[in-house]
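Engineer:
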Amino acid sequence: MAEPIVKKKDEIIRIKTHISGFDEALQGGIPRGHITLIAGSAGTMKSSVSFNILYNEAIENKRTGLYLSMEQSYSSIINHMINMDYDFTKVNLIVLRDLSTLAKDIRNINASTTGNIIIADVGCIRKEIKDVKLDENRSWLNVMKNIVKKIKLESKLDLFVLDSLSALHVLSKFNNPRIELFYVFEFLRDLNITSYMITETPLDGSKIGDFNEDFLSDGIIYIHLASYRRKQIREIQVKKMRTTSCNHDTFSLDFRNGKFYAEYGGQNPLM
Ligand SMILES: Nc1ncnc2c1ncn2[C@@H]1O[C@H](COP(=O)(O)OP(=O)(O)O)[C@@H](O)[C@H]1O
Ligand SMILES: [Mg+2]
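Just so we're aligned, residue 299 is where the sequence shown starts under the numbering used here, counting upward by one.
1. Give the straight-line distance between the Cα atoms of residue 474 and residue 414, rounded to the nearest whole angstrom.
2. So, with DSSP's three-state summary, where would you put residue 407?
3. Output the distance between the C-alpha atoms of residue 464 and residue 454, rounded to the nearest integer angstrom.
4. If distances are taken between C-alpha atoms only, which option among 507, 357, 456, 448 comes closest to residue 468?
5. Among 313, 405, 367, which residue has its Cα nearest to the Cα of residue 422?
6. Taking only the alpha-carbon atoms, compute the straight-line gap between residue 416 and residue 394 and give it to the nearest angstrom.
7. Nearest CA to the CA of residue 344: which residue from 510, 459, 515?
8. Run the CB neighbour count on residue 556, radius 10 Å, all protein chains shown included, and call it buried at 16 or more, exposed below.
9. For residue 547 and residue 319, what's the separation of their Cα atoms in angstroms?
10. Should residue 344 be counted as a contact of ligand 3 given a C-beta to heavy atom distance under 7 angstroms?
11. Buried or exposed for residue 409, going by 16 or more other Cβ atoms inside 10 Å?
12. Which word fits residue 353, buried or exposed, when buried means at least 16 other C-beta atoms lie within 10 angstroms of its C-beta?
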């Protein structure tokens with residue numbers, strides 16, 4: 299089920315980042331089926347940028363996206379998104395907090411006439427299945443894989459956000475993270491799901507990932523906070539994007555009136 303080989307370059311299907319000015323730096327977007335790291339330190343809006351893709355793809359292209367949260371509760375995510383003016387009446391929003399409702403949720407997706415966003419709250423799921431003694435090696439990885447696979451095979455799943463890959467490392471207690479991660483990426487590629495893996499980096503941005511995820515991934519989008527005297531500016535950059543002729547320059551990242559903008563040029567503030 300991997301992405302087919304194209305005859306011409308304009309046949310490559312791209313999924314927009316929905317950041318105005320940034321898709322232009324990526325020949326229109328990220329190739330479908332890619333696994334992209336959304337890397338940056340805390341508070342750089344990695345979760346927001348990723349969710350923004352699922353939201354806009356659900357509205358514009360009726361796509362189905364799964365947002366798997368390992369560190370933030372579903373209510374915290376939804377409140378954050380409402381504060382950012384997202385309108386959840388325009389999409390079919392499903393909260394998955396109990397695996398026993400998954401079959402019903404899948405029927406709900408299949409019956410929906412709009413795009414779908416499924417928020418899976420791993421914190422809730424963990425509490426619910428605690429008695430089953432799942433806290434052993436790799437168990438969280440299996441829970442994640444089962445959710446992804448079931449939705450993909452019994453319904454549809456175009457986009458997947460893992461928030462975060464860093465938390466998955468901690469919770470899953472991988473024996474050999476490099477190998478386990480390789481198989482996670484293989485699994486997502488086999489299912490042909492366009493994926494965004496949120497990766498926490500140190501504040502100084504000295505490294506992206508601990509377990510080779512930088513070279514296993516198809517793309518890396520890096521967001522960081524830059525200081526211009528007293529001002530802090532969010533900046534975004536394509537570090538890597540396979541199958542794409544990209545502009546690797548640094549853009550400032552702004553969110554206003556419900557939309558992300560990547561801006562280029564102009565004067566540095568206060569300088
Ligand atoms: N309505 C809003 N408009 C712009 N920025 C916002 C809004 N609400 C929250 N934020 C910013 O979003 C940041 C958190 O974004 P988040 O996506 O959770 O970051 P990360 O996932 O990288 O830690 C906050 O630090 C705050 O500055
Ligand atoms: Mg986050």
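By construction, the Cβ of each residue, glycine as well, lies at the ideal position given by its N, Cα and C atoms.
Structural biologist: In terms of the structure at hand:
1. Here the question's residue 474 lines up with position 176 in the sequence shown. Here the question's residue 414 lines up with position 116 in the sequence shown. Our two residues, residue 474 and residue 414, have alpha carbons roughly 35 angstroms apart in a direct line.
2. The residue labelled residue 407 in the question sits at position 109 within the sequence shown. It is helical.
3. Position 166 of the sequence shown holds residue 464. Position 156 of the sequence shown holds residue 454. Taken atom to atom, the span from the alpha-carbon of residue 464 to that of residue 454 is near 26 angstroms.
4. Walking along the sequence shown from the start, residue 468 turns up at place 170. Of the listed residues, the one whose Cα sits closest to residue 468 is 507.
5. Your numbering for residue 422 matches position 124 in the sequence shown. That would be 367, whose Cα lies nearest to the Cα of residue 422.
6. Counted from its first residue, the sequence shown places residue 416 at position 118. Counted from its first residue, the sequence shown places residue 394 at position 96. In this structure, the straight-line span from the alpha carbon of residue 416 to that of residue 394 is close to 7 angstroms.
7. Walking along the sequence shown from the start, residue 344 turns up at place 46. The candidate whose alpha carbon is nearest that of residue 344 is 459.
8. Locating residue 556 in the sequence shown gives position 258, where the first residue counts as 1. Answer is exposed; the Cβ neighbour count stays below 16.
9. Taking the first residue of the sequence shown as position 1, residue 547 is located at position 249. Taking the first residue of the sequence shown as position 1, residue 319 is located at position 21. If I take the Cα positions, the gap works out to 12 angstroms.
10. Among the ligands present in this structure, namely ligand 1 and ligand 2, ligand 3 is not found.
11. For the purposes of this step, residue 409 is identified with residue 111 of the sequence shown, where counting begins at 1. Using a 10 angstroms sphere on the CB of residue 409, the tally of other CB atoms stays under 16, which defines it as exposed.
12. For this step, residue 353 is matched to residue 55 along the sequence shown. Buried, by the Cβ-count rule.
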